[in-house]
Amino acid sequence: MESDERYHLPADQRLTFVLVHGSWADAHFWDGVAAVLRSRGHTVYTPEYAGHGKDPNKDVTHAMITKSVVDFITKLNLHNIVLVGHSFGGTVIQKVAEQVPDRIKRLVFWDAFVLKDGESVVDEFPLQMRQGFEQLRASSKDDTLMLPFPLFRDSFVNTATLEEAEQMYASITPEPAKPLFEKLDLKAFYALPTPKSYVYFYQDNAVPQGEGFGWHPHMSMRLGQYRLIVGDGDHFTTAHTRPAMLAQKLYEAGRY
Amino acid sequence: MESDERYHLPADQRLTFVLVHGSWADAHFWDGVAAVLRSRGHTVYTPEYAGHGKDPNKDVTHAMITKSVVDFITKLNLHNIVLVGHSFGGTVIQKVAEQVPDRIKRLVFWDAFVLKDGESVVDEFPLQMRQGFEQLRASSKDDTLMLPFPLFRDSFVNTATLEEAEQMYASITPEPAKPLFEKLDLKAFYALPTPKSYVYFYQDNAVPQGEGFGWHPHMSMRLGQYRLIVGDGDHFTTAHTRPAMLAQKLYEAGRY
Amino acid sequence: MESDERYHLPADQRLTFVLVHGSWADAHFWDGVAAVLRSRGHTVYTPEYAGHGKDPNKDVTHAMITKSVVDFITKLNLHNIVLVGHSFGGTVIQKVAEQVPDRIKRLVFWDAFVLKDGESVVDEFPLQMRQGFEQLRASSKDDTLMLPFPLFRDSFVNTATLEEAEQMYASITPEPAKPLFEKLDLKAFYALPTPKSYVYFYQDNAVPQGEGFGWHPHMSMRLGQYRLIVGDGDHFTTAHTRPAMLAQKLYEAGRY
Numbered sequence: 131m132e133s134d135e136r137y138h139l140p141a142d143q144r145l146t147f148v149l150v151h152g153s154w155a156d157a158h159f160w161d162g163v164a165a166v167l168r169s170r171g172h173t174v175y176t177p178e179y180a181g182h183g184k185d186p187n188k189d190v191t192h193a194m195i196t197k198s199v200v201d202f203i204t205k206l207n208l209h210n211i212v213l214v215g216h217s218f219g220g221t222v223i224q225k226v227a228e229q230v231p232d233r234i235k236r237l238v239f240w241d242a243f244v245l246k247d248g249e250s251v252v253d254e255f256p257l258q259m260r261q262g263f264e265q266l267r268a269s270s271k272d273d274t275l276m277l278p279f280p281l282f283r284d285s286f287v288n289t290a291t292l293e294e295a296e297q298m299y300a301s302i303t304p305e306p307a308k309p310l311f312e313k314l315d316l317k318a319f320y321a322l323p324t325p326k327s328y329v330y331f332y333q334d335n336a337v338p339q340g341e342g343f344g345w346h347p348h349m350s351m352r353l354g355q356y357r358l359i360v361g362d363g364d365h366f367t368t369a370h371t372r373p374a375m376l377a378q379k380l381y382e383a384g385r386y
Numbered sequence: 131m132e133s134d135e136r137y138h139l140p141a142d143q144r145l146t147f148v149l150v151h152g153s154w155a156d157a158h159f160w161d162g163v164a165a166v167l168r169s170r171g172h173t174v175y176t177p178e179y180a181g182h183g184k185d186p187n188k189d190v191t192h193a194m195i196t197k198s199v200v201d202f203i204t205k206l207n208l209h210n211i212v213l214v215g216h217s218f219g220g221t222v223i224q225k226v227a228e229q230v231p232d233r234i235k236r237l238v239f240w241d242a243f244v245l246k247d248g249e250s251v252v253d254e255f256p257l258q259m260r261q262g263f264e265q266l267r268a269s270s271k272d273d274t275l276m277l278p279f280p281l282f283r284d285s286f287v288n289t290a291t292l293e294e295a296e297q298m299y300a301s302i303t304p305e306p307a308k309p310l311f312e313k314l315d316l317k318a319f320y321a322l323p324t325p326k327s328y329v330y331f332y333q334d335n336a337v338p339q340g341e342g343f344g345w346h347p348h349m350s351m352r353l354g355q356y357r358l359i360v361g362d363g364d365h366f367t368t369a370h371t372r373p374a375m376l377a378q379k380l381y382e383a384g385r386y
Numbered sequence: 131m132e133s134d135e136r137y138h139l140p141a142d143q144r145l146t147f148v149l150v151h152g153s154w155a156d157a158h159f160w161d162g163v164a165a166v167l168r169s170r171g172h173t174v175y176t177p178e179y180a181g182h183g184k185d186p187n188k189d190v191t192h193a194m195i196t197k198s199v200v201d202f203i204t205k206l207n208l209h210n211i212v213l214v215g216h217s218f219g220g221t222v223i224q225k226v227a228e229q230v231p232d233r234i235k236r237l238v239f240w241d242a243f244v245l246k247d248g249e250s251v252v253d254e255f256p257l258q259m260r261q262g263f264e265q266l267r268a269s270s271k272d273d274t275l276m277l278p279f280p281l282f283r284d285s286f287v288n289t290a291t292l293e294e295a296e297q298m299y300a301s302i303t304p305e306p307a308k309p310l311f312e313k314l315d316l317k318a319f320y321a322l323p324t325p326k327s328y329v330y331f332y333q334d335n336a337v338p339q340g341e342g343f344g345w346h347p348h349m350s351m352r353l354g355q356y357r358l359i360v361g362d363g364d365h366f367t368t369a370h371t372r373p374a375m376l377a378q379k380l381y382e383a384g385r386y
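Protein chains in written order, with the numbering used here: chain Z, 131 to 386; chain V, 131 to 386; chain B, 131 to 386.
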């Protein structure tokens, strides 16, 4: 994996990445990874979407989030893109792909939701955790969900040191709840012939690994034929502490 | 993982470990790991329990084993402990946690049984293996189980050299059978709010990995919210040949 | 794993390997691995079988393929062999083992089919992929299956560079279809006491990893008691680019 390709990539192997972050994150989530990919000759975009980053309005729908990314791609007139979704971003690239399929070379899901037609994100959690999310939602004044630190520490950054965990926790903000509870129509997605990849990190337990649950193979197998790339990491820490490793895995998932 | 924290751990990150071994082992199982953890500034206890080590009486119950560990903890008046169970030791820390919950900072299951309420250890094996254990039990004069070498070599020390396998086999003694067949009341355990971690080694096939079986995710997911740590190793060899790696994983599972 | 045993193996630890390749491959698939194993003191045979290599006749049955390997073993009067099957080769060693059980020290399945009694290879694929194979078969003039490059690239050589993928694709030829669709009588296999190992590479998605599908644990667990060895690799690339790693894993699976 430490081959020369990283540093002397021929022009025809340089890719255009559009990286779509997940919940409790904003576009800065990708800063380290994007820098590595650019240093290897790739073009990288990290669109922000509704309800996140500097957007003061947290009252957003899944359609508004999707529109943010679609508008970003069409305004810049991007083509032949490797569209990467992380976590909740998986549901976003599912819907974006329905709207601009001709602009997409390949979809890459990195520990990302691949929802079934008619399903919501919270449908993919075991009952006890789903009820936990519902309680968090009910106790919010502005219909957002904030992860308690113990849950974040054990489920999102399980491999981090305490210092790293606290640093990452300091950067997260309450997440608009509604898009996580919306059931999505994905019939068009499942008719798309777009090539797909799934990147799975085997210490990622943010959605519990398990019988009838989990990123891979439970959700990945819904993609039908796809390219599998596996690595060692958890849900949030790797982007922060090992961006070069993550960049390499995303490249392996996206390349020709 | 080779960070400075290993060697210059601040006082507030030093942990108190209580390590509970599994079947066909005694407290010396932990010698290598305990030495590494102590060298990094942690306090480590490795209690022996009824029917094991120098105890000549093999006619023991699960309750007697639990009592050995509870008594050890209370007599030394230990608090804020990271209580680690390996293999059968998982069932022991489940029951110990019911009795001294206020003394436990976190439970760590390392390729350990997490039994359902009302279940026994042998209930977690496929039918063919359960019958094998029953035959071993029936052929014993003192109600103990001895692992035949071929089973031990392929299921417990699959990654070892033959020389290492024979060396480890020389140290095992017949295991009291009764505690493996006892069905445990675990209602109190499942009501405990104690934080939990699961350490999974992906070459560990001592309980067969599989659909409806296995350490992880089959048993780990019973913990509800927990911290997952994954590493490369099998059931017995790692403690013998790579104690520093195992110590690091247990630290990652137990730290704040 | 980089221990001295690799290079100074005592005579009583030298093994006799018979390596049986899978579909879309011929005996040259093993060239790199065989060279490494021989350099470490092992004896290695890589029999070609009916319908493959220089055999112009593609109209073969599973029984003819099995006979090729059985005849190879009996003509050379081999004994105490470690019989390794890769992919489709798993079904071949299942049938070979039925015919010459006394010559076999251990069976090693490396990301290989372990069929149930009465099952065919295509029965182990999800419906959509099985239908894809049926369409490929229907469109063939000589009842062979040729993998389209996109399927080969994403499912067989997912971790390869594009250059490596194209190089490996150039070496594959259409595969006789019939043996993949034949349902095999395996009652005798499942009565054999022969020791068994399963080598699983966790980036191998050639048979989709998943709930109710996949190399491991879905098919491996049919072996009952077996030795598990896990490594990092995909279905075809590792033999090509990292033969020493693969040789070490096969040695760990086959050794005493």
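Every residue gets a Cβ at the ideal spot worked out from N, C-alpha and C, and that includes glycine.
Counted within 10 angstroms of its Cβ, other Cβ atoms place residue i as buried (16 or more) or exposed
i	result
Pro-280(B)	exposed
Lys-309(Z)	Per the sequence shown, residue 309(Z) should be read as Pro rather than Lys. With 16 or more other Cβ atoms within 10 Å, it is buried.
Val-321(Z)	According to the sequence provided, residue 321(Z) is Ala. The question's Val does not apply to it. By the 10 Å Cβ count, Ala-321(Z) comes out exposed.
Pro-186(Z)	exposed
Val-214(Z)	buried
Pro-306(Z)	buried
Asp-134(B)	Because Asp-134(B) carries a pLDDT of 44, less than 50, the predicted location of this residue cannot be relied on, and the following value inherits that uncertainty. Exposed, since its Cβ has fewer than 16 Cβ neighbours within 10 Å.
Leu-145(B)	buried
Asp-272(V)	exposed
Pro-325(Z)	buried
Asn-335(Z)	buried
Ala-141(V)	exposed
Leu-314(V)	buried
His-209(B)	exposed
Thr-196(V)	buried
Ser-250(Z)	buried
Beta carbon of residue i nearer than 9 Å to that of residue j
i	j	result
Ala-383(Z)	Ser-301(Z)	no
Glu-228(V)	Leu-149(V)	no
Tyr-332(B)	Val-287(B)	no
Thr-204(B)	Arg-233(B)	yes
Thr-274(V)	Lys-188(V)	yes
Arg-385(V)	Thr-291(Z)	yes
Gly-220(V)	Val-244(V)	yes
Val-212(V)	Leu-380(V)	yes
Ala-157(B)	Thr-176(B)	yes
First and last residue of the uninterrupted alpha helix (DSSP H) at residue i
i	result
Ile-223(V)	219-229
Thr-289(V)	It is not in any alpha helix (DSSP H) - Thr-289(V) carries neither H nor E in the DSSP assignment.
Thr-367(V)	367-371
Phe-331(V)	Element bounds for Phe-331(V): not the alpha helix (DSSP H) but the beta strand (DSSP E), 326-331.
Val-163(Z)	161-169
Arg-267(Z)	257-268
Extent of the continuous beta strand (DSSP E) to which residue i belongs
i	result
Val-200(B)	From DSSP, Val-200(B) is part of no beta strand (DSSP E) but of the alpha helix (DSSP H) over 192-205.
Leu-358(V)	357-361
Tyr-175(B)	173-175
Proximal residues to residue i (C-beta, below 7 Å), its chain only, five neighbours per side dropped
i	result
Val-230(B)	Val-200, Ile-203 and Thr-204
Ala-295(Z)	Arg-283 and Val-287
Thr-368(B)	Phe-331, Met-375 and Leu-376
Phe-84(B)	With chain B running from 131 to 386 in the structure shown, residue 84(B) is simply not present.
Own chain residues within Cβ distance below 6 Å of residue i, not counting five before or after
i	result
His-192(Z)	Pro-309 and Glu-312
Pro-373(B)	Gly-162, Val-163 and Val-166
Sequence-distant residues of its chain with Cβ nearer than 8 Å to residue i (five each side left out)
i	result
Pro-338(B)	Phe-255, Pro-256, Met-259 and Gly-344
Ser-350(B)	Phe-239, Val-244, Tyr-328, Tyr-330, Tyr-356 and Leu-358
DSSP-derived helix/strand/coil call for residue i
i	result
Trp-154(B)	coil
Asp-241(V)	strand
Arg-233(B)	helix
Glu-296(Z)	helix
Gly-384(B)	helix
Pro-186(Z)	coil
- Query: For the stretch 316-348 of chain V, which residues have a CB atom closer than 9 Å to at least one CB atom of chain D, in sequence order?
  - Reply: Of the protein chains in this structure, namely Z, V and B, none is chain D.
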